[in-house]
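K.L.:
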Amino acid sequence: MLDGRYVADHLEQVRAGLGRRSEDAAASLDDAGELFARRRELIRTTETLQARRNAESQSMGQLAKAGDKAALEARRAELKVLSDEIKLLEQQLAEVERSVEERLLGVPNLPHPSVPDGHGEADNQVLRTWGEAPAFDFEPRPHWDVGAALGILDFARASRLSGARFSVLFGQGARLERALISFMLDLHTREHGYTEVYTPYLVRAEALRGTGQLPKFEADLFKTHRSDPDDPGALYLIPTAEVPVTNLHATEILEGRALPIAYVAYTPCFRSEAGSYGKDVRGLIRQHQFDKVELVRFVQPEQALEELERLTSHAETVLQKLGLHYRVSALCAGDLGFASQKTYDLEVWLPSQGAFREISSCSSFGEFQARRAQIRYRDEAKGRPKLVATLNGSGLAVGRTLVAILEQCQQADGSVLIPEALRDAMGTDRIVPG
RNA sequence: GGAGACGUGACCGAGUGGUCGAAGGUGCAUGAUUGGAAAUCAUGUGUACCUGCAAGGGUACCGAGGGUUCGAAUCCCUCCGUCUCCGCCA
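Printed below as a string of C-alpha cells:
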C-alpha cells in the first residue's frame, strides 16, 4: 500500500509513476484527491467537537458534586445533543476512512525509477545469461515424456485423485523433489545466512492482505471453509511462502540492529490460477499445487535495491550449483507484480520448448507490504519507528527445477544424469528407466 | 467437541464509571557519583492521525468490533486469541 499522505500531496506524480504500469493502474487513483480532502475536513471538525465534549463532560463531575440537580439535568440534555452530533460525524469519518483504505489497497506499488519502461513480457530486459544450452544429438523430449518413460511422473493418476493440474511423483522422482528441497534449504542456511522457518500452510485473509494478494486477487486463491462458506474467519491455502513468512513480523517493531532479517522456508504452494486456461496445460509448469523454497528479507528501506541484488544472487547460486543454463531479466514496468517496485526473473532453459521459462522471481516491495502488514523497525532507542522494506524471491520453484533437470540432463538412452550437487542425496548419478 | 479462566504500555503488574495514556516495578536512555564498573540518586522513556515554520496544541487507542452513558480500561453484546481440565486424534 502506498502512503496515503504522500499520495494526497503528490497526486500527479504518483499517477504518472503508476501510468508506467498501465492506464488502469493510474486510473486506480481517480477521485482519490477528493476523498483525502474530505477525510481531512471530517477529522478536523470531529476532533474540535470531541475536544469540547471532553472538556464539558469533565465539568459535569464537579457539577454533580455541587448538587444542583436542575442545572445538571439541563447540562446533560445539552451535551446529549453534542454527543449525538459527534457520533454522526464519527460514523461519517469511519466510512471515509474505509473508502480511503479500500482505494489505497487496490493501488499497485510504484515502479522504481530503475525499472525499464514497457507494457509486457516482450519489453523485459535480459541482463545476463549463465551457462550454455546443452547440445543434443537427438530431439530433446519434453519433461512429461522423459518422466513418464522413467516411470517417475504420473498425471493420469493425479487427475483421478484431484483433477487437472496435479501430479504424482514416484520413486526417484519423489526422491529428487525431496533432494532438491533439502539442497536448497541447506545452501541458503549454510552459505547465505538464512534462518529456516516452517510455517502454517493455511492463513487468514489478513495475512494475504499484508502481502498484497487480497483484496484484489482472491480468484487466484484456494479458500477453505468449515461449515459456513461465507465464514469471515475462513482460511486460505497459501499461494507462496511469502505470505506466512513476510507476515511473521506483522504489527511488530523490530530492533534496527536485527536487520537485515533473512528467512528461508520450504512450503507447498496452492494456486487456482484463474485465467490461465489453455496455458501450459501439459506437464509440471503450471500446477494447482507445487513446492517452493522461498527467500524473504526484511531490510532498511535505503538498502532495498542492493538487497535485491544480493537476494537474486542467492537464487542464482542454486541454478549454478545445479549446472542449469539460465538467464536473468529485469521486468519492465508493465509486467511488474502488483506489490513489487522492482523484479528480476530467473528463467531456466527448457530445450523441448526452445525457450527460457521462469523459475524464480525476485522482488523488492519497498515499504509497500510493510505498510499493509505494519512491519516497522526502530533505529536507535529514541528514533521514531520506521517501515522496513521487504523482499522475496523463489530459491527456487522446486517443480520447475525438477522439470529443468529432466529436460537439460536427459540422455539419448532415456536416462537422466543427476547434477553433482544432488548425487549424495539421490544415492545415484543417474535415473534410469525401470 | 464439552467445561472453565483470562486478554492493560518493551516486560511484569495496579486500576470496576469522571481530572487515567493509564499507579508501581523491571528494562532502556541521559546525567550525577566512581580511577573504572557495580550499587545508588535524578530526569526521561508508547503508537497513529489532525494542526503548526517550530516550540507546541488537539484527537483516538487498555485484544478487535459494536452498544449503554453527558462521560467507558472500567457496564452490556459479538468476534478473535491465550491458558487449564475432559473427550478425540497424528
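Note that the working numbering has the first sequence beginning at 364, numbered continuously upward. Quick reminder that beta carbons are idealized off the backbone N, C-alpha and C, glycines included. As the structure is a prediction and not an experimental result, all values here were calculated from the model.
Use the C-beta contact count for A519: other C-beta atoms within 10 angstroms, 16 or more gives buried, fewer gives exposed.
P.N.:
Looking at its Cβ environment, which holds fewer than 16 other Cβ atoms inside 10 Å, A519 is exposed.
K.L.:
Going by beta-carbon coordinates alone, are L571 and V606 separated by less than 8 Å?
P.N.:
Yes.
K.L.:
Please give the ranges of any alpha helix (DSSP H) in the region 658-741, keeping only runs that are unbroken, at least 4 residues long and fully inside the region.
P.N.:
With a minimum length of 4 residues, the continuous alpha helix (DSSP H) runs that stay inside the region 658-741 are 667-685 and 731-736.
K.L.:
Would you give the residue range spanned by the beta strand (DSSP E) that K579 belongs to?
P.N.:
Premise fails: K579 is in no beta strand (DSSP E) and is neither H nor E.
K.L.:
Quick one: give me the first and last residue of the beta strand (DSSP E) that S757 is part of.
P.N.:
It spans A752 to A760 - the beta strand (DSSP E) in which S757 sits, taken as one unbroken run.
K.L.:
List the residues that DSSP assigns as beta-bridge partners of F633.
P.N.:
The partner list for F633 (beta bridge, DSSP) reads Q652.
K.L.:
For P607, which three-state DSSP category applies?
P.N.:
In this structure, P607 counts as helix in the three-state DSSP scheme.
K.L.:
Have a look at L398, F633 and F661 and flag the residue whose alpha-carbon is nearest the alpha-carbon of R528.
P.N.:
The shortest Cα separation from R528 among L398, F633 and F661 belongs to F633.
K.L.:
Look up W493 in the DSSP assignment and give the residues it is bridged to.
P.N.:
Note: W493 sits in a beta bridge opposite Y689.
K.L.:
Just to confirm, is the Cβ distance from V761 to C772 under 8 Å?
P.N.:
No, the pair does not count as a contact, with Cβ atoms beyond the cut-off.
K.L.:
Among R523, S525, L524 and G534, which one has its Cα closest to the Cα of L516?
P.N.:
Among R523, S525, L524 and G534, the Cα nearest to that of L516 belongs to G534.
K.L.:
Express the C-alpha separation of A604 and T562 in angstroms, rounding to a whole number.
P.N.:
T562 and A604: Cα-Cα distance of roughly 8 Å.
K.L.:
Quick check: the Cα distance between R741 and A621, rounded to an integer number of angstroms?
P.N.:
If I take the Cα positions, the gap works out to 10 Å.
K.L.:
Among P479, E458 and A667, which has the Cα closest to the Cα of A696?
P.N.:
Among P479, E458 and A667, the Cα nearest to that of A696 belongs to P479.
K.L.:
Please tell me whether N472 and A693 are closer than 8 Å, where the distance is taken between their beta carbons.
P.N.:
Going by C-beta atoms, N472 is not nearer than 8 Å to A693.
K.L.:
Alpha carbon to alpha carbon, how far is H506 from S715? Give it in angstroms, no decimals.
P.N.:
Their backbone Cα atoms lie some 8 Å apart in a straight line.
K.L.:
Cβ atoms of M547 and R656: under 8 Å apart, would you say?
P.N.:
This sequence places Val at residue 656; Arg is not what is there. Taking 8 Å as the Cβ cut-off, V656 and M547 qualify as a contacting pair.
K.L.:
Check R793 in the structure and name its three-state DSSP category.
P.N.:
Strand, per DSSP.
K.L.:
If you check the beta carbons only, do R739 and I616 fall under 8 Å apart?
P.N.:
Yes; because the gap between Cβ atoms is below 8 Å, this pair is in contact.
K.L.:
Distance check for E502 and L713, CA to CA, integer angstroms please.
P.N.:
Using only the alpha carbons, I get a separation of about 13 Å.
K.L.:
Within 10 Å of its beta-carbon, does T454 have 16 or more other beta-carbons around it, so buried, or fewer, so exposed?
P.N.:
Looking at the sequence shown, residue 454 is not Thr but Gln. Exposed is the call here.
K.L.:
Using the C-alpha atoms, what's the distance from I768 back to L341?
P.N.:
Within the shown structure, residues of the chain are numbered from 364 to 797, placing residue 341 beyond reach of any answer.
K.L.:
Would DSSP call Y369 helix, strand or coil?
P.N.:
Note: Y369 maps to helix in three-state DSSP.
K.L.:
With respect to the alpha helix (DSSP H) encompassing V459, which residues constitute its N-terminal and C-terminal limits?
P.N.:
K432 to L468 is the span of the alpha helix (DSSP H), which, as asked, contains V459.
K.L.:
Where does the unbroken alpha helix (DSSP H) through T574 begin, and where does it stop?
P.N.:
That run of the alpha helix (DSSP H) goes A568 to T574.
K.L.:
Specify, as a first and last residue, the run of the alpha helix (DSSP H) that T558 falls within.
P.N.:
Run containing T558: none in the alpha helix (DSSP H); it sits in the beta strand (DSSP E), T558 to V560.
K.L.:
So which of Q683, G619 and L685 has the shortest CA-CA distance to E665?
P.N.:
Nearest option by C-alpha distance: G619.
K.L.:
Here's the rule: buried if 16 or more other CB atoms are within 10 angstroms of the residue's CB, otherwise exposed. What is Y599?
P.N.:
With 16 or more Cβ atoms within 10 Å of its Cβ, Y599 is classed as buried.
K.L.:
Quick check: the region 440-458 against the region 388-396, are at least 3 beta-carbon pairs closer than 8 Å?
P.N.:
Cβ pair count under 8 Å is below three, so no.
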